[in-house]
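Enquirer: I am attaching a structure below and will ask some questions about it afterwards.
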Amino acid sequence: MNILVCVSRVPDTATKVKVADDGKSIATQNVKFILNPYDEFAVEEGLRLREQHGGSVTVLTVGGQESTDILRTALAMGADKAALIQLVNPDSYQVAVNIAQYARNHSFDLILFGRQSIDFDSFQVPPMVAQLLDLPCLTIVSQWSVTNGTVKAERDIEGGKEEFETALPLVASVQKGINEPRYPKLPDIIKAKSKPIETIEPVAVEPQLEILSMEIPQTERRHVILGDSDEDLEKLIQLLREEAKVI
Amino acid sequence: MKIAAFLPKLGDKLHKTAYEAITAAHQVQALIGGDVVGLAIDVDQQQLERTAHYGLTRLIVAEHPLLANTYSPSAFAKVLHQLASSQGIDILILPNITYGKELGPRVAVTFEAGYIADVIGIESQNGELIFRKPVYAGKAIIAAQLKTAKKVFTIRPNIFTAKAAETAASLNIETFTPELSEADFREKRLSITRSTGKLDVAEADIVVSGGRGLKAPENFKLIEELAEVLGAAVGASRAVVDAGWRPHSEQVGQTGKTISPNLYIAVGISGAVQHLAGMSSSKVIVAINKDKDAPIFQVADYGIVGDALDVLPRLTAKLKEVLHKS
Ligand SMILES: Cc1cc2nc3c(=O)[nH]c(=O)nc-3n(C[C@H](O)[C@H](O)[C@H](O)COP(=O)(O)OP(=O)(O)OC[C@H]3O[C@@H](n4cnc5c(N)ncnc54)[C@H](O)[C@@H]3O)c2cc1C
Ligand SMILES: Cc1cc2nc3c(=O)[nH]c(=O)nc-3n(C[C@H](O)[C@H](O)[C@H](O)COP(=O)(O)OP(=O)(O)OC[C@H]3O[C@@H](n4cnc5c(N)ncnc54)[C@H](O)[C@@H]3O)c2cc1C
Numbered sequence: 019m020n021i022l023v024c025v026s027r028v029p030d031t032a033t034k035v036k037v038a039d040d041g042k043s044i045a046t047q048n049v050k051f052i053l054n055p056y057d058e059f060a061v062e063e064g065l066r067l068r069e070q071h072g073g074s075v076t077v078l079t080v081g082g083q084e085s086t087d088i089l090r091t092a093l094a095m096g097a098d099k100a101a102l103i104q105l106v107n108p109d110s111y112q113v114a115v116n117i118a119q120y121a122r123n124h125s126f127d128l129i130l131f132g133r134q135s136i137d138f139d140s141f142q143v144p145p146m147v148a149q150l151l152d153l154p155c156l157t158i159v160s161q162w163s164v165t166n167g168t169v170k171a172e173r174d175i176e177g178g179k180e181e182f183e184t185a186l187p188l189v190a191s192v193q194k195g196i197n198e199p200r201y202p203k204l205p206d207i208i209k210a211k212s213k214p215i216e217t218i219e220p221v222a223v224e225p226q227l228e229i230l231s232m233e234i235p236q237t238e239r240r241h242v243i244l245g246d247s248d249e250d251l252e253k254l255i256q257l258l259r260e261e262a263k264v265i
Numbered sequence: 013m014k015i016a017a018f019l020p021k022l023g024d025k026l027h028k029t030a031y032e033a034i035t036a037a038h039q040v041q042a043l044i045g046g047d048v049v050g051l052a053i054d055v056d057q058q059q060l061e062r063t064a065h066y067g068l069t070r071l072i073v074a075e076h077p078l079l080a081n082t083y084s085p086s087a088f089a090k091v092l093h094q095l096a097s098s099q100g101i102d103i104l105i106l107p108n109i110t111y112g113k114e115l116g117p118r119v120a121v122t123f124e125a126g127y128i129a130d131v132i133g134i135e136s137q138n139g140e141l142i143f144r145k146p147v148y149a150g151k152a153i154i155a156a157q158l159k160t161a162k163k164v165f166t167i168r169p170n171i172f173t174a175k176a177a178e179t180a181a182s183l184n185i186e187t188f189t190p191e192l193s194e195a196d197f198r199e200k201r202l203s204i205t206r207s208t209g210k211l212d213v214a215e216a217d218i219v220v221s222g223g224r225g226l227k228a229p230e231n232f233k234l235i236e237e238l239a240e241v242l243g244a245a246v247g248a249s250r251a252v253v254d255a256g257w258r259p260h261s262e263q264v265g266q267t268g269k270t271i272s273p274n275l276y277i278a279v280g281i282s283g284a285v286q287h288l289a290g291m292s293s294s295k296v297i298v299a300i301n302k303d304k305d306a307p308i309f310q311v312a313d314y315g316i317v318g319d320a321l322d323v324l325p326r327l328t329a330k331l332k333e334v335l336h337k338s
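Okay, structure coming up:
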């Protein structure tokens, strides 16, 4: 089974976001960048399927030269090959078009994604890639089986669950619950440092999205902090009913 | 300008975000002018008529024997594309729920439209729409434009809310028969299970969440009792999900669900950034924590400093009294 896993490079979840001088992106000084947490599940799932069915796992990212660090993380986990499509700060559409082009130039049975990239949280790249390649697509998969080219998958939806059946070749995005990603071991991390990473020129495609400005939200909160006496609890109920009017 | 709102169905009812899509479409209309039409797939007449109370005057519903009581991303994307094309739609709005998140990008591709997800605000400048969208788990908000002529976007649930009007608009419902074959259903849905009797955190107007401060899984009974009195859903922090006290479907936060209920009550939750990412856009936030310096109080409208195990039973009892009296 030939598997492509697409990964994105994102600020660590604990990052305190500040706006850069351009007023439309985040200041990246002192920000630690990591492999998108959902993509760890995708890499792990690729590796497990390879272990069961044979084949190879290629990891791909669209980004600047600095994105090689997350490819090395995936190589240390056990990916066979890594490729970087060099395009600085692409929008999601450019990412999808480039991934689709790479997939057309190779032949993959399965293209795996994380459910969302925790920078722009759009959930959009996997379905776009599926549509560009005219492939079936399952998103936000939390459990599945892949046997003899048949895929049975389960996912949560609002207020319930759905089960699907489909066939390879397939585009899928996965989420927490599908597996426990392995931690790369030190010797593998060292070995990954000298593995080759293929660099690819991007497809010329215009971004769709133009960011005009970025700001840190300032939500006004009331900050009424009470104690735990019976009177305080009654006060809280009164405030919720009469001031906030939510109960 | 032709503006369309996609009206998703979950179970046998229109999902509540369908009405929000109509509200967003009317907002776009107020900004740049044009006509608003609702688009639906396999929804019964009675459900569709409710949209008239949200000011909808025209609605097209796709009907086909193959579409009855099922869902398939590929097939639905194809039908939605045909629906939108048949109407010459310029702007398509979908709710940012699972179906919207996967249909929106697909239709944007076939429609050669630009796409932006999870919009919380719409403005205009010189006749061009400007979208506000949270990024980095809500730690920042961007204002952005789509440079394409046609546009598809999804709206965050519970933001574009509107009350049903007493009087219904005069609504014209048309039927559309899509071109469709068995082969278009490339993902076959085997089953859908609705969690019965249990409210979903992503759906509820009020959410009561518990964290490690509850000390033991059995103490979540106190959370459930408070939730019941309020008609609320039960949520959880990742700490208690990872500990196996609660299912992952209840997790609120960066790697759980992002929600904006009218009221969010965090009990025994410290307020880690990853948790705040999932709930900081709630309209009103209440925190109950025994540590007055817990970061959760910084985002709270109302706080109770106290021991959850002692506070919860008393609060629940008092609420029962007050709410049942009125
Ligand atoms: C420092 C910085 C600057 C940025 N500048 C811009 C900008 O100027 N304009 C702009 O529009 N966006 C910008 N972005 C956002 C970013 O480039 C993409 O939009 C983002 O990677 C995709 O976001 P998404 O939410 O659409 O992904 P989703 O659709 O939520 O991602 C789902 C899955 O798709 C895959 N995926 C996502 N991105 C990539 C990728 N790059 N390569 C390979 N696979 C991927 C992953 O498997 C991911 O789990 C910036 C991001 C950062 C961190
Ligand atoms: C990549 C990544 C993703 C993450 N995603 C998420 C996510 O989606 N959601 C999430 O929630 N977390 C997430 N986390 C974890 C997050 O960092 C915190 O560890 C977690 O939210 C802590 O849960 P907690 O508040 O229940 O526990 P703690 O931080 O241990 O807080 C317990 C709180 O209870 C209070 N307390 C103790 N006893 C009592 C009592 N008797 N009565 C009242 N209060 C009491 C304490 O004062 C304390 O404030 C993520 C972390 C990472 C690294």
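Listed in order, the protein sequences are those of chains Z and X. Here the working numbering is used: position 98 in the first sequence is 116, and no number is missing along the way. Here the working numbering is used: position 204 in the second sequence is 216, and no number is missing along the way. Each residue gets a CB set at the ideal place from its N, CA and C atoms; glycine is no exception. Please read these numbers as outputs of a predicted model, since none were measured by experiment.
Measuring CA to CA, which of X:Thr267, X:Lys233, X:Lys200 is closest to Z:Asp137?
Expert: Against the first sequence, residue 137 of chain Z aligns to sequence position 119. With distances taken between Cα atoms, Z:Asp137 lies closest to X:Thr267.
Enquirer: With a floor of 4 residues, list each alpha helix (DSSP H) that falls wholly inside the region 196-269 of chain X, ordered by position along the chain.
Expert: 232-242, 250-254, all fully within the region 196-269 of chain X.
Enquirer: Whose CA, out of Z:Asn116, Z:Phe126, Z:Arg122, Z:Arg133, lies closest to the CA of X:Lys113?
Expert: Locating residue 113 of chain X in the second sequence gives position 101, counting from the first residue. Out of Z:Asn116, Z:Phe126, Z:Arg122, Z:Arg133, Z:Arg133 has the C-alpha closest to the C-alpha of X:Lys113.
Enquirer: Any idea if X:Thr166 is buried or exposed, counting beta-carbon neighbours within 10 angstroms, 16 or more meaning buried?
Expert: The sequence position of residue 166 of chain X within the second sequence is 154, counting from 1. Under this definition X:Thr166 is a buried residue.
Enquirer: Please decide whether Z:Arg239 counts as near chain X, where near means a Cβ-Cβ distance under 8 Å.
Expert: Looking up residue 239 of chain Z in the first sequence gives position 221. Yes, its Cβ sits closer than 8 Å to a Cβ of chain X.
Enquirer: Under 7 Å: does the beta carbon of X:Leu115 sit that close to some heavy atom of ligand 2?
Expert: For the purposes of this step, residue 115 of chain X is taken as the residue at position 103 of the second sequence. Not under cutoff, so the answer is no.
Enquirer: Put Z:Phe138 into one of helix, strand or coil per three-state DSSP.
Expert: Within the first sequence, numbered from 1, the residue matching residue 138 of chain Z stands at position 120. Coil, per DSSP.
Enquirer: So, is the C-beta of Z:Gly177 closer than 8 Å to a C-beta in chain X?
Expert: Position 159 of the first sequence, counted from the first residue, corresponds to residue 177 of chain Z. Yes, contact with chain X.
Enquirer: Determine, for Z:Phe69, whether the minimum Cβ-Cβ distance to residues of chain X falls below 8 Å.
Expert: For the purposes of this step, residue 69 of chain Z is taken as the residue at position 51 of the first sequence. Here residue 69 of chain Z is Glu; the residue named in the question, Phe, does not match the sequence. No, its Cβ sits nowhere closer than 8 Å to a Cβ of chain X.
Enquirer: Who's in the neighbourhood of ligand 2, going by beta-carbon under 5 Å from any heavy atom, listed in chain order?
Expert: Having a Cβ closer than 5 Å to some heavy atom of ligand 2 are Z:Thr31, Z:Pro55, X:Gly223, X:Arg224, X:Gly225, X:Ser249, X:Arg250, X:Ala251, X:Gly265, X:Gln266, X:Thr267, X:Gly268, X:Gly280, X:Ile281, X:Ser282, X:Ala284, X:Gln286, X:His287, X:Asn301, X:Lys302, X:Asp303, X:Ala306, X:Asp319, X:Ala320.
Enquirer: Which one of X:Lys28, X:Lys337, X:Val323 has the shortest CA to CA distance from X:Thr173?
Expert: Mapped onto the second sequence, residue 173 of chain X falls at position 161. Closest option to X:Thr173, Cα to Cα, is X:Lys28.
Enquirer: At 4 residues or longer, and completely inside the region 159-241 of chain Z: list those alpha helix (DSSP H) runs for me, N to C.
Expert: DSSP runs (the alpha helix (DSSP H)) wholly in the region 159-241 of chain Z: 204-211.
Enquirer: Could you say which of Z:Ser135, Z:Leu22, Z:Leu65, Z:Asp246 lies nearest to Z:Pro55 if we only look at CA atoms?
Expert: The residue given as residue 55 of chain Z occupies position 37 in the first sequence. Out of Z:Ser135, Z:Leu22, Z:Leu65, Z:Asp246, Z:Ser135 has the C-alpha closest to the C-alpha of Z:Pro55.
Enquirer: Counting only Cβ pairs nearer than 8 Å, list the residues of chain Z close to X:Asp322.
Expert: For the purposes of this step, residue 322 of chain X is taken as residue 310 along the second sequence, with counting starting at 1. The answer, in chain order, is Asp246.
Enquirer: Look at Z:Gln119 and X:Thr160 and say whether their C-beta atoms are less than 8 Å apart.
Expert: Locating residue 119 of chain Z in the first sequence gives position 101, where the first residue counts as 1. Locating residue 160 of chain X in the second sequence gives position 148, where the first residue counts as 1. The answer is no: Cβ separation not under 8 Å.
Enquirer: Looking only at C-alpha atoms, which of X:Pro146, X:Arg224, X:Arg70, X:Ile316 sits nearest to X:Ala284?
Expert: Locating residue 284 of chain X in the second sequence gives position 272, counting from the first residue. Considering only alpha carbons, the answer is X:Arg224.
Enquirer: Have a look at X:Ala251, X:Ala80, X:Ala320 and flag the residue whose alpha-carbon is nearest the alpha-carbon of X:Glu237.
Expert: Taking the second sequence and counting its residues from 1, one reaches residue 237 of chain X at position 225. Considering only alpha carbons, the answer is X:Ala320.
Enquirer: Closer than 7 Å, Cβ to Cβ, to anything on chain Z: give me those residues from the region 268-288 of chain X, in chain order.
Expert: Listed in sequence order: Asn274, Leu275, Val285, Gln286.
Enquirer: Please compile the residues from chain Z whose C-beta is within a distance smaller than 9 Å of the C-beta of X:Ala177.
Expert: Indexing the second sequence from 1 puts residue 177 of chain X at position 165. Going along chain Z, no residue has its Cβ under 9 Å from X:Ala177, so there is no contact; the nearest lies around 20 Å.
Enquirer: Work out the CA separation of X:Leu95 and X:Tyr111 for me, nearest whole Å.
Expert: For the purposes of this step, residue 111 of chain X is identified with residue 99 of the second sequence, where counting begins at 1. For the purposes of this step, residue 95 of chain X is identified with residue 83 of the second sequence, where counting begins at 1. Approximately 16 Å, taken between the alpha carbons.
Enquirer: Under 8 Å between beta-carbons, which chain Z residues line up against X:Arg348? List them in chain order, please.
Expert: Limits of chain X in this structure are 13 at one end and 338 at the other, which puts residue 348 of chain X out of reach.
Enquirer: Would you identify the three-state DSSP class for X:Asp130, choosing helix, strand or coil?
Expert: Along the second sequence, one-based indexing puts residue 130 of chain X at 118. Residue state, collapsed to three classes: strand.
Enquirer: Return the Cβ separation of X:Gly247 and X:Ser207 in integer angstroms, given the expectation that the two are a contact with Cβ distance under 8 Å.
Expert: The residue labelled residue 247 of chain X in the question sits at position 235 within the second sequence. The residue labelled residue 207 of chain X in the question sits at position 195 within the second sequence. Rounded, the Cβ-Cβ distance is 14 Å, inconsistent with contact.
Enquirer: Going by beta-carbon coordinates alone, are X:Val91 and X:Pro190 separated by less than 8 Å?
Expert: Working through the second sequence from its first residue, we reach residue 91 of chain X at position 79. Working through the second sequence from its first residue, we reach residue 190 of chain X at position 178. Yes.
Enquirer: Who are the Cβ neighbours of X:Asp217 in its own chain at under 6 Å, not counting the five residues just before and after it?
Expert: Here residue 217 of chain X corresponds to residue number 205 of the second sequence, with the count starting at 1. For X:Asp217, where only same-chain residues beyond five positions count, the Cβ hits under 6 Å are Pro273, Asn274.
Enquirer: In angstroms, rounded to a whole number, what distance separates the CA positions of X:Lys332 and X:Ala87?
Expert: Within the second sequence, residue 332 of chain X is the residue found at index 320, counting from 1. Within the second sequence, residue 87 of chain X is the residue found at index 75, counting from 1. Rounded to whole angstroms, X:Lys332 to X:Ala87 spans 48 Å at the Cα level.
Enquirer: Can Z:Ser160 and Z:Gly195 be called in contact, C-beta distance under 8 Å?
Expert: In the first sequence, residue 160 of chain Z corresponds to position 142, counting from 1. In the first sequence, residue 195 of chain Z corresponds to position 177, counting from 1. Closer than 8 Å, so yes.
Enquirer: My output table needs one value for X:Gly150: the three-state DSSP class, helix, strand or coil.
Expert: As a first step, residue 150 of chain X is located in the second sequence; it is residue number 138 there, counting from the start. DSSP places X:Gly150 in helix when its eight states are reduced to three.
Enquirer: Counting only beta-carbon atoms, is X:Ile130 nearer than 8 Å to chain Z?
Expert: Position 118 of the second sequence, counted from the start, is the residue given in the question as residue 130 of chain X. With the sequence shown as reference, residue 130 of chain X is identified as Asp, and Ile is not the correct amino acid for it. X:Asp130 counts as touching chain Z.
Enquirer: Z:Phe131: beta carbon under 7 Å from a heavy atom of ligand 1?
Expert: For this step, residue 131 of chain Z is matched to residue 113 along the first sequence. At least one heavy atom of ligand 1 is nearer than 7 Å to the Cβ of Z:Phe131, so yes.
Enquirer: Have a look at X:Lys295, X:Ala306, X:Leu335, X:Lys163 and flag the residue whose alpha-carbon is nearest the alpha-carbon of Z:Glu252.
Expert: What you label residue 252 of chain Z is simply residue 234 of the first sequence in a count that begins at 1. Of the listed residues, the one whose Cα sits closest to Z:Glu252 is X:Leu335.
Enquirer: Decide if Z:Gln149 is buried, meaning its Cβ has at least 16 other Cβ atoms within 10 Å, or exposed.
Expert: Position 131 of the first sequence, counted from the first residue, corresponds to residue 149 of chain Z. Z:Gln149 should be labelled buried.
Enquirer: Within 10 angstroms of its Cβ, does X:Asn170 collect 16 or more other Cβ (buried), or is it exposed?
Expert: Along the second sequence, one-based indexing puts residue 170 of chain X at 158. X:Asn170 comes out buried.
Enquirer: Less than 8 Å separating the beta-carbons of X:Ala125 and X:Lys151?
Expert: Numbered from its first residue, the second sequence carries residue 125 of chain X at position 113. Numbered from its first residue, the second sequence carries residue 151 of chain X at position 139. Going by C-beta atoms, X:Ala125 is not nearer than 8 Å to X:Lys151.
Enquirer: Is Z:Asn123 helix, strand or coil by DSSP?
Expert: Here the question's residue 123 of chain Z lines up with position 105 in the first sequence. Helix at Z:Asn123.
Enquirer: Going by other Cβ atoms of all chains shown within 10 Å of its Cβ, with 16 needed for buried, is Z:His124 buried or exposed?
Expert: Working through the first sequence from its first residue, we reach residue 124 of chain Z at position 106. Exposed.
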